[in-house]
Amino acid sequence: MALNKARLEQAVTLSQQDFDDFAEISGDHNPIHVDPQYASVTRFGATVSHGMLLFSHLRALIARSWPGATLSMQELMFPAPAYAGEALTVIVEAQQQDALFTTRVVKADGSICLEGRARIHIAEENTP
Numbered sequence: 001m002a003l004n005k006a007r008l009e010q011a012v013t014l015s016q017q018d019f020d021d022f023a024e025i026s027g028d029h030n031p032i033h034v035d036p037q038y039a040s041v042t043r044f045g046a047t048v049s050h051g052m053l054l055f056s057h058l059r060a061l062i063a064r065s066w067p068g069a070t071l072s073m074q075e076l077m078f079p080a081p082a083y084a085g086e087a088l089t090v091i092v093e094a095q096q097q098d099a100l101f102t103t104r105v106v107k108a109d110g111s112i113c114l115e116g117r118a119r120i121h122i123a124e125e126n127t128p
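Read in order, the letters of the sequence shown correspond to residues 1 to 128 in UniProt numbering.
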């Protein structure tokens, strides 16, 4: 797949179990992610995804599309929360320069949970 024309999308719905599993793997047991009772009285009203769990889905989409590619840079912002059971779209879109991608995770209502940029390096033998 040519980098300069790539736009990849994948539907994702994360569950509370995904939040809990990510907490176990990462060690990030912040109650806003793993304690529904605690989270219910916060400004979010419910548990929200770890930001890096969202990014992991973006990274996986890149890895499936360009096997062997290495991530050399990432910039991430998390303007809106992503809740368990919420339909999300993971989007990776190549820019015209140097293996640079815009990255987004978007809710069904169009609000953005994650936005950023990532740069990958593709070894010559992995270029389609």
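By construction, the Cβ of each residue, glycine as well, lies at the ideal position given by its N, Cα and C atoms.
In the DSSP assignment, find the alpha helix (DSSP H) that holds residue i and state where it starts and stops.
i     : result
Glu86 : Here Glu86 belongs to no alpha helix (DSSP H), and DSSP marks it neither H nor E.
Arg43 : From DSSP, Arg43 is part of no alpha helix (DSSP H); its letter is neither H nor E.
Ser65 : Gly51 to Ser65
Ser26 : Gln16 to Ser26
His33 : Pro31 to Val34
Tell me whether the beta-carbon of residue i lies closer than 8 Å to the beta-carbon of residue j.
i      : j      : result
Arg104 : Ile122 : no
Arg119 : Ala94  : no
Asp20  : His50  : no
Ala108 : Ala80  : no
Ile32  : Ala39  : yes
For residue i, count neighbouring C-beta atoms within 10 Å of its own C-beta (all shown protein chains included) and say buried if the count is 16 or more, exposed if not.
i      : result
Tyr83  : buried
Arg64  : exposed
Gly110 : exposed
Glu9   : exposed
Phe101 : buried
In its own chain, which residues sit with a C-beta less than 7 Å from the C-beta of residue i, not counting the 5 before and 5 after it?
i     : result
Glu75 : Gly116 and Arg117
Phe34 : First, the amino acid is wrong: residue 34 is Val here, not Phe. Closer than 7 Å at the Cβ level, and outside the excluded window around Val34, lie Phe19, Asp20, Ala23 and Thr47.
Grab me the residues of residue i's own chain with a C-beta within less than 8 Å of its C-beta, minus the 5 sequence neighbours each way, in chain order.
i      : result
Ile112 : Pro79, Ala80, Arg104, Val105 and Val106
Met77  : Leu114, Glu115 and Gly116
Pro7   : According to the sequence shown, residue 7 is Arg rather than Pro. Around Arg7: Ile91, Val92, Glu93 and Ala94.
Thr42  : Ile32
Apart from the five residues on each side of it in sequence, which residues of its chain come closer than 6 Å, Cβ to Cβ, to residue i?
i     : result
Trp66 : Ile122
Phe44 : Pro81
Is residue i close to chain B, meaning its C-beta is less than 8 Å from at least one C-beta of that chain?
i     : result
Asp35 : Included in the structure is just one protein chain, with no chain B present.
Between which two residues does the beta strand (DSSP E) containing residue i stretch?
i      : result
Ser72  : Thr70 to Met77
Val106 : Leu100 to Lys107
Thr47  : From DSSP, Thr47 is part of no beta strand (DSSP E); its letter is neither H nor E.
Ile120 : Ile112 to His121
Ala11  : Arg7 to Thr13
Does the pairing of the stretch 39 to 54 with the stretch 10 to 20 give three or more beta-carbon distances under 8 Å? yes
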